[in-house]
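The sequence shown lines up with residues 8 to 159 when you count with our numbering. All residues carry an ideal CB built from backbone N, CA and C; glycine is no exception. This structure is a prediction, so every number in the text was calculated from the model and none was measured. Data first, discussion second: the structure below is written as structure tokens.
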Amino acid sequence: MTSVKVYLDNEQDTVDLGKRLAAVISPPLMLNLSGELGAGKTTLSRGLIQALGHKGAVKSPTYALVEPYEFDGIDLYHFDLYRLSDPEELEFMGIRDYFTQRSICIVEWPDRGHGLLPQADISLQINYVGERREVEISSGSDKGSQLLSKLK
Numbered sequence: 008m009t010s011v012k013v014y015l016d017n018e019q020d021t022v023d024l025g026k027r028l029a030a031v032i033s034p035p036l037m038l039n040l041s042g043e044l045g046a047g048k049t050t051l052s053r054g055l056i057q058a059l060g061h062k063g064a065v066k067s068p069t070y071a072l073v074e075p076y077e078f079d080g081i082d083l084y085h086f087d088l089y090r091l092s093d094p095e096e097l098e099f100m101g102i103r104d105y106f107t108q109r110s111i112c113i114v115e116w117p118d119r120g121h122g123l124l125p126q127a128d129i130s131l132q133i134n135y136v137g138e139r140r141e142v143e144i145s146s147g148s149d150k151g152s153q154l155l156s157k158l159k
């Protein structure tokens with residue numbers, strides 16, 4: 008699979024990367040976002056979700072675990088698994104029902120759901136590098152590889 012690195016200087020760059028992703032993705036799709044607290048996972052999600060047409064605020068679904076959004080022909084689910092204490096909790100919430108042919112699933116802290124989440128099409132690892140962020144975007148499927156080639 009392929010990967011690419013992107014460097015972000017500020018919050019607007021992070022939002023813009025979300026917008027660039029929104030321009031190339033389509034369902035079904037699973038997108039994983041990993042990185043330390045405050046690295047920009049929710050900010051990137053906000054850029055993506057608003058670029059798809061959401062007009063309101065995009066909040067982190069830290070307490071609810073999932074925040075749904077509906078667009079024309081797309082069900083987008085934004086997960087934040089940070090507070091998940093046991094991956095089995097995902098079974099109780101019916102996690103598999105979210106992954107459909109119409110869905111785009113954005114998962115923050117995917118490692119917390121290890122073993123119960125499908126393979127991501129695209130994974131983003133956001134790391135602090137001084138004042139900047141380094142984002143390694145990698146594909147986990149053929150579809151992910153195709154999307155990465157469009158993103159470059």
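Apply the 10 Å Cβ neighbour rule to residue 198 and answer buried if 16 or more other Cβ atoms are within range, or exposed otherwise.
Look at the range of the chain in this structure, 8 to 159, and you will see that residue 198 is not part of it.
Should residue 12 and residue 54 be called a contact, given that it needs their Cβ atoms to be closer than 8 Å?
no
Leaving out five residues on either side along the sequence, give the residues of the same chain with a beta carbon under 7 Å from the beta carbon of residue 16.
139
Supposed contact pair residue 118 and residue 146 - C-beta distance, whole angstroms, cut 8 Å
Not confirmed; about 18 Å, so no contact.
Cβ atoms of residue 154 and residue 31: under 8 Å apart, would you say?
yes
Measure from the alpha carbon of residue 110 to the alpha carbon of each residue in 134, 46 and 82, then state which is nearest.
The candidate whose alpha carbon is nearest that of residue 110 is 82.
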